[in-house]
Amino acid sequence: MRQYRQIYSKQPIFFSAFAAFLSISVYLILMYPSKGMFVYLNGMHFTSLDVFFINYTLLGDGIFSVFVFFILLSQQQFTKGLHVIGAYIISGVTVQVLKNAVGAPRPKLVFAPEEYANFVQGITLSGSNGFPSGHTTSAFALFTLLAIYSHNKWLGAVYMFLAVTVGYSRIYLGQHFFHDVVVGSLIGTATAVLCYLYLPQVELRIGSYENKLE
């Protein structure tokens with residue numbers, strides 16, 4: 000338990016904001032039907048927002064996490080890089096197992112054409128692998144670790160905003176329901192914390208033959 004308190008003390012703003020996000024989300028999920036929440040959260044749609052979210056949602060794509068991993072390696076931040084790629088892989092496997100086990104439909108399969116007309120042409124997917132949101136999971140796994148490693152506590156608020164906005168992009172683009180995003184955020188954050196605590200610390204010294212695992 001002391002380890003978790005230490006992590007919280009590193010980024011109290013990030014984890015307090017995440018706790019508030021989860022609390023509000025659980026209340027909304029319990030109080031409102033998923034279709035109603037989806038329509039309410041998609042009340043504003045126009046072309047420039049479509050373009051923005053089509054591009055912004057890529058922050059939750061695995062390619063972006065791998066890109067950050069290689070950037071960290073190039074900066075010789077090997078432990079941080081290991082944690083980022085480890086959290087991405089572990090959370091991704093978890094999501095795929097759940098997607099195949101649950102088989103929840105994406106919004107496009109649930110709504111009739113007359114019920115909702117804002118699906119983004121060429122972007123919105125259909126299918127029965129909607130739960131949980133993989134992009135949201137990856138985003139929260141990445142930004143949670145970046146927040147933990149940051150020495151600036153106020154950056155925690157920025158990283159939380161970035162992660163939550165990726166989650167919202169999945170709803171805006173018609174890919175997921177609200178509860179898909181919330182569960183993805185929980186998986187991503189939990190995986191990041193566990194990787195930070197339990198994956199090995201790596202020390203590599205470029206120019207020598209030392210490769211030390213602690």
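In numbering that gives the first Met the number 0, the protein residues as written are 0 to 213.
Glycine residues also receive a C-beta, built at the ideal position from the N, C-alpha and C atoms.
No experiment lies behind these values; they were computed from the predicted model shown.
Could you please give the first and the last residue of the uninterrupted alpha helix (DSSP H) stretch that includes residue i?
i: MET36; result: 33 to 40
i: GLY59; result: Here GLY59 belongs to no alpha helix (DSSP H), and DSSP marks it neither H nor E.
i: PHE20; result: 11 to 30
i: GLY133; result: 133 to 148
i: ASN151; result: First-last for ASN151: undefined, no H or E at that position.
i: LEU198; result: Unbroken run through LEU198: none, as it is neither H nor E.
i: PHE52; result: 46 to 55
If you measure between the beta carbons of residue i and residue j, is that distance less than 9 angstroms?
i: LYS107; j: SER132; result: no
i: TYR195; j: HIS44; result: no
i: GLY183; j: THR136; result: yes
i: PHE130; j: LEU97; result: yes
i: LEU198; j: GLY85; result: yes
i: HIS134; j: VAL101; result: no
i: VAL181; j: VAL38; result: no
i: ILE28; j: HIS178; result: yes
i: LEU193; j: ILE89; result: yes
i: LYS152; j: GLN5; result: no
Identify whether residue i lies in helix, strand or coil by the three-state DSSP scheme.
i: THR123; result: coil
i: GLN5; result: helix
i: GLY80; result: helix
i: ALA156; result: helix
i: GLY102; result: coil
i: ALA116; result: coil
i: ASN128; result: coil
i: ALA111; result: coil
i: PHE63; result: helix
i: GLN74; result: coil
i: GLY173; result: coil
Leaving out five residues on either side along the sequence, give the residues of the same chain with a beta carbon under 8 angstroms from the beta carbon of residue i.
i: ASN117; result: ASN41, HIS44, GLY173
i: GLN2; result: LEU196
i: TYR55; result: THR164, VAL165, SER168
i: ILE53; result: VAL119, ILE122, LEU172
i: SER127; result: GLY102, ALA103, PRO104, ARG105, LEU108
Between residue i and the rest of its own chain, which residues show a CB-CB distance below 6 angstroms, the 5 nearest in sequence each way excluded?
i: ALA162; result: ALA138, PHE139, PHE142
i: HIS175; result: GLY129, SER132, ARG169
i: ALA191; result: ALA86, ALA140, THR143, LEU144
Taking only beta-carbon positions, decide if residue i is within less than 9 angstroms of chain D.
i: LYS152; result: Among the chains in the structure shown there is no chain D, since it carries only a single protein chain.
To which residues of the same chain is residue i closer than 7 angstroms at the C-beta, ignoring the five residues directly before and after it?
i: PHE17; result: MET159, THR188
i: THR123; result: LYS107, LEU172, GLY173, GLN174
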